[in-house]
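*Asks:*
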Amino acid sequence: MSALLVFKFLEVKIIRVDLPFFDPLLKIEIISLLFTAFAIVGIVNAINIIDGFNGLASMVSIMIFMAIAFVAYKLGDYEITSICVIASFSLLGFFSFELSLWLCLSR
Numbered sequence: 001m002s003a004l005l006v007f008k009f010l011e012v013k014i015i016r017v018d019l020p021f022f023d024p025l026l027k028i029e030i031i032s033l034l035f036t037a038f039a040i041v042g043i044v045n046a047i048n049i050i051d052g053f054n055g056l057a058s059m060v061s062i063m064i065f066m067a068i069a070f071v072a073y074k075l076g077d078y079e080i081t082s083i084c085v086i087a088s089f090s091l092l093g094f095f096s097f098e099l100s101l102w103l104c105l106s107r
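Residue numbers are given in full-length UniProt numbering: position 68 of the sequence shown equals residue 68, and the series is strictly consecutive.
So this is what it looks like as structure tokens:
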């Protein structure tokens, strides 16, 4: 449901995936909506599964944000770079708290 709200109000949508047979389909609004919702839900579920395995999904998220920041920096998109770096350092603070708690409980 929240993925649909993002699509509707923020106008965030996937418009191409560089697959010649699939890109024309994404020009159709309903297919773009469904594919975007599927992608958002898939990413959220992937992070939840990672968190369920070891409870340290914040470290994986830090690596993902830093990879996106690196690519954005190389492409000259400094706004996305800044957002990803800020998110990474915010998660780093949370990760240090979570890791200390995890280490205490594992003894």
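Just so you know, even glycine gets a beta-carbon here, dropped at the ideal spot from N, CA and C. Here the structure is a predicted model, which is why all the values come from computation and not from measurement.
(1) Which stretch, first to last residue, makes up the alpha helix (DSSP H) that contains residue 8?
(2) Any contact of the region 82-90 with the region 48-68, i.e. 3+ C-beta pairs under 8 Å?
(3) Taking residue 58 as the reference, which of 14, 99, 22 has the closest Cα?
(4) Do you know offhand how far residue 104's Cα is from residue 91's?
(5) Does the region 67-83 come close enough to the region 23-43 that 3 or more CB-CB pairs lie under 8 Å?
(6) Report the option in 83, 53, 56, 52 whose CA atom is closest to the CA atom of residue 67.
(7) Let me check understanding here. Comparing Cα to Cα, which of 24, 93, 51, 3 lies closest to residue 39?
(8) When burial is assigned at 16 or more other CB atoms within 10 Å of the CB, is residue 21 buried or exposed?
*Replies:* Short version:
(1) Its alpha helix (DSSP H) spans residues 2-9.
(2) Verdict: yes, contact present.
(3) Here the closest residue by C-alpha is 99.
(4) A direct Cα-to-Cα measurement between residue 104 and residue 91 gives close to 20 Å.
(5) Segments in contact, no.
(6) If we check each option's Cα against that of residue 67, 83 comes out closest.
(7) It is 3.
(8) Exposed, since its Cβ has fewer than 16 Cβ neighbours within 10 Å.
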